[in-house]
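Chains as they are written, first to last, in this note's numbering: chain Y, 197 to 724; chain W, 30 to 70.
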Amino acid sequence: MVWTIFGVIIYLLIIAYLGYRGWRVTATTADYLIAGREVHPYVMATSYGATFISTSAIIGFGGAASLFGMGILWLTWMNVFFGIFVAFVLFGKRTRRLGHVLDAHTFPELLGRRYQSTFIQGFSGIVIFLFMPIYAAAVLIGISRFIEVYLHIPYAVVLLAFSLILAMYVILGGLKGVMYTDAFQGTIMLITMVILLIYTYILAGGVISAHQSLTDMAYLVPEKLAKLGHRGWMEMPRLGSRYWWILISTITCGVGIGVLAQPQLVVRFMTVKRDRELNRAVLFGSIFILAMTGIAFTVGSLTNVIFYKAFGKISLAMAGGNIDKVIPLYIGKIMPSWFGTLFLLAMLAASMSTLSSQYHAGGTSLGRDFFEKGIGGEMIERGERTVFVTRLGIALSILLCIIFSLIFSPNMIAVATAIFFGLCGATFLPSFVFGLYWKGMTRAGAVTSILGGFIASMIWMGFFHAKEAHALGIAKHLFGRSTLAGFPWTVIDAQFIALPISFILAVMVSLFTGKLADKHIQKCWKYL
Amino acid sequence: MLGISGWSCWLAYIFCILSTILCVIYGIAMWNRGAEAEIIR
Numbered sequence: 197m198v199w200t201i202f203g204v205i206i207y208l209l210i211i212a213y214l215g216y217r218g219w220r221v222t223a224t225t226a227d228y229l230i231a232g233r234e235v236h237p238y239v240m241a242t243s244y245g246a247t248f249i250s251t252s253a254i255i256g257f258g259g260a261a262s263l264f265g266m267g268i269l270w271l272t273w274m275n276v277f278f279g280i281f282v283a284f285v286l287f288g289k290r291t292r293r294l295g296h297v298l299d300a301h302t303f304p305e306l307l308g309r310r311y312q313s314t315f316i317q318g319f320s321g322i323v324i325f326l327f328m329p330i331y332a333a334a335v336l337i338g339i340s341r342f343i344e345v346y347l348h349i350p351y352a353v354v355l356l357a358f359s360l361i362l363a364m365y366v367i368l369g370g371l372k373g374v375m376y377t378d379a380f381q382g383t384i385m386l387i388t389m390v391i392l393l394i395y396t397y398i399l400a401g402g403v404i405s406a407h408q409s410l411t412d413m414a415y416l417v418p419e420k421l422a423k424l425g426h427r428g429w430m431e432m433p434r435l436g437s438r439y440w441w442i443l444i445s446t447i448t449c450g451v452g453i454g455v456l457a458q459p460q461l462v463v464r465f466m467t468v469k470r471d472r473e474l475n476r477a478v479l480f481g482s483i484f485i486l487a488m489t490g491i492a493f494t495v496g497s498l499t500n501v502i503f504y505k506a507f508g509k510i511s512l513a514m515a516g517g518n519i520d521k522v523i524p525l526y527i528g529k530i531m532p533s534w535f536g537t538l539f540l541l542a543m544l545a546a547s548m549s550t551l552s553s554q555y556h557a558g559g560t561s562l563g564r565d566f567f568e569k570g571i572g573g574e575m576i577e578r579g580e581r582t583v584f585v586t587r588l589g590i591a592l593s594i595l596l597c598i599i600f601s602l603i604f605s606p607n608m609i610a611v612a613t614a615i616f617f618g619l620c621g622a623t624f625l626p627s628f629v630f631g632l633y634w635k636g637m638t639r640a641g642a643v644t645s646i647l648g649g650f651i652a653s654m655i656w657m658g659f660f661h662a663k664e665a666h667a668l669g670i671a672k673h674l675f676g677r678s679t680l681a682g683f684p685w686t687v688i689d690a691q692f693i694a695l696p697i698s699f700i701l702a703v704m705v706s707l708f709t710g711k712l713a714d715k716h717i718q719k720c721w722k723y724l
Numbered sequence: 030m031l032g033i034s035g036w037s038c039w040l041a042y043i044f045c046i047l048s049t050i051l052c053v054i055y056g057i058a059m060w061n062r063g064a065e066a067e068i069i070r
């Protein structure tokens, strides 16, 4: 315990130093909002990855892997291929160039200036500001509960201390402070996960032996899970079964596609000076993401082998039916004690790197996009006090997150994450993609797509998709039943419905409405 | 193959590794490409 506390103190001191360095080199609005557009590719890629990967990806989805098995690796493939290769090569370079040409400092500002619409910038900003703290609360609850159990510190104390530390370096250091600390935190996460994978494969008797052992355990699948479609940890669930829909629509596609339009990730593309930095970041980013999700999911699946060898139980039975406990149990009961300290630091790093970017994106959305440039533009003197207003926005974002964290129950973690990913994909992705690739996309098309995607997502999550509908309770309150449709609609993710609607609206409305001025389109396409 | 029985899980495992190799090769091949202030001017 002494070494653990010593490790945490050293870690926090390094974070404080990096936050201070970020503050020292932040002189302009561009420094504060987009790190001065001069970030090193390793820092950019690691920051992108560390922001993307939170404790819920490692503990939550690692636990899900102990239930679903290796089929969840399709999400890792989506993360590497779409989340890195497609995002950086097809979207990243164009986002960076368009961001430079339009002098955009945030994701809503990029959309607003591309479509010459203060409504788009303001509406996008307020959606991000209101929903980002819900996602951030999911991360904050996860790490606070983890520390509460691990270090025996009361939940509320952890929550407030954590928020205070983050507030100091995010509010003062801006995106430079966030990205410097992200790179350090990402490096800790990378080292920890590689050790975890090697140790697990050694314990299970090597790569092929480990996989073969898991294959041979198919007969241990509980009858209850088999009825839901489970066929073993080395097989995909039965086609069309409840488990198949959850694994494919919610876990694989919901997260795999939703990541492409996350404002806190898109803004990373605007932090580098040249395309060359993005080319190099593809290399670092892919290795990082494979090491994070690939290892978490592989180890999560293999915990069944290790637990069965050691205790004669599969992971689900070991965790008493709560899959969120599988990875912490595995670290506590199987891994050596020194690794427990390293894993705690990695989880601190994973949550802090995600939270800091969520707060920064939430704050810039309220300060820059809503108040200064968007809907509330008349409320303050334009062009002045950007950093001050953004800092105020970040402080409000943190406050909102603390309130949600104290209100939400622990089982809201997965729901809150799904809400934000689903919402971002359906609301922003068509306008973002067509904004980069289609000259014919009109302002009306973008507005309709953004509003249509947002409303369709909200309706689907509130009334049809069981996971969110149960938690929100709107359908129950209005109609006396928790969802308005039966299987399979209750397990089909909102993005499966709302994203196609949003894309169709974007195309159809753009084909029949007035184009943007040729001069503006030529300006946008000058470097695309 | 590799001790993985289900073809879909095996494909997922291989695709993860192949996608990462694709990204690494792309990163190395393009390491010095894309270097060519101009936009601001």
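C-beta atoms are modelled at their ideal positions from N, C-alpha and C, and glycine is treated no differently. Please read all numbers here as calculations on a predicted model, not as lab measurements.
Annotation: the continuous alpha helix (DSSP H) that includes V451 of chain Y extends over 451-454. Below the 7 Å Cβ cutoff, chain W contributes G63, A64 as neighbours of R470 of chain Y, in chain order. Only residues of its own chain outside the window of five on either side were considered, and among them I688, D689, F692 have a CB closer than 6 Å to the CB of S445 of chain Y, listed in chain order.
When 9 Å is used as the limit between beta carbons, N475 of chain Y is near these residues of chain W: Y55, G56, A58, M59, W60, N61, R62, G63, in chain order.
For the segment 288-307 of chain Y, the set of residues with a beta-carbon nearer than 8 Å to any beta-carbon of chain W comprises K289, R293, H296, V297, in chain order. With fewer than 16 other CB atoms across the displayed protein chains lying within 10 angstroms of its CB, W534 of chain Y is exposed. At a cut-off of 8 Å between beta carbons, F281 of chain Y contacts chain W.
According to the DSSP assignment, R639 of chain Y belongs to the alpha helix (DSSP H) that extends over 639-659. In the structure shown, A363 of chain Y adopts helical secondary structure according to DSSP, grouped into three states.
The beta carbon of W685 of chain Y is closer than 7 Å to those of F660 in its chain, skipping five residues each way along the sequence.
For the segment 219-248 of chain Y, the beta-carbon criterion of a distance under 8 Å to any beta-carbon of chain W is satisfied by none of its residues.
For H296 of chain Y, the uninterrupted alpha helix (DSSP H) run begins and ends at 289-297, by DSSP. Spanning the alpha carbons of W656 of chain Y and I453 of chain Y requires a straight line of approximately 17 Å. Taking the C-beta atoms as reference points, L286 of chain Y is found no nearer than 8 Å to S627 of chain Y.
Sequence-distant partners of I717 of chain Y (beyond 5 residues in either direction) whose C-beta falls short of 7 Å from its own C-beta, in its chain, are K635.
Between the segment 344-364 of chain Y and the segment 666-682 of chain Y there are fewer than three C-beta pairs closer than 8 Å, too few to call the two in contact. Secondary structure note for Y244 of chain Y: its alpha helix (DSSP H) is the uninterrupted segment 237-248. Nearest to L416 of chain Y by alpha-carbon distance, out of Y:I442, Y:N500, Y:D378, Y:P459, is Y:N500.
DSSP places R341 of chain Y within a helical segment (H, G or I) once states are collapsed to three.
Taking a C-beta distance under 8 Å as the contact criterion, F257 of chain Y and P524 of chain Y do not qualify as a contact pair. For L269 of chain Y, a Cβ of chain W is located within less than 8 Å of the residue's own Cβ. In this model, G215 of chain Y and I205 of chain Y are separated by some 15 Å (Cα to Cα). Taking T709 of chain Y as reference, the option from Y:E664, Y:R677, Y:T638 with the minimal CA-CA separation is Y:T638. Comparing alpha carbon positions, the residue from Y:P237, Y:R220, Y:D227 closest to D471 of chain Y is Y:P237.
Any Cβ of chain W closer than 8 Å to the Cβ of W534 of chain Y would place that residue at the interface, and such an atom is absent. For a cut-off of 8 Å, the C-beta gap from I249 of chain Y to M531 of chain Y is around 20 Å, too long to register as a contact. No Cβ of chain W is located within less than 8 Å of the beta carbon of G636 of chain Y. Here T377 of chain Y is not near Y395 of chain Y, since their CB atoms are 8 Å or more apart.
Ranking Y:W273, Y:Q312, Y:I211 by CA distance to the CA of A713 of chain Y puts Y:Q312 first. Taken atom to atom, the span from the alpha-carbon of Q554 of chain Y to that of I316 of chain Y is near 20 Å.
Counting C-beta atoms within 10 angstroms of its own C-beta, V353 of chain Y has fewer than 16 neighbours from the protein chains shown and is therefore classed as exposed. Counting along the chain, P524 of chain Y sits inside the alpha helix (DSSP H) bounded by residues 522-529.
In the DSSP annotation of this structure, the continuous segment of the alpha helix (DSSP H) that includes K663 of chain Y starts and ends at 662-668.
Taking C45 of chain W as reference, the option from Y:K505, Y:N275, Y:Y207 with the minimal CA-CA separation is Y:N275.
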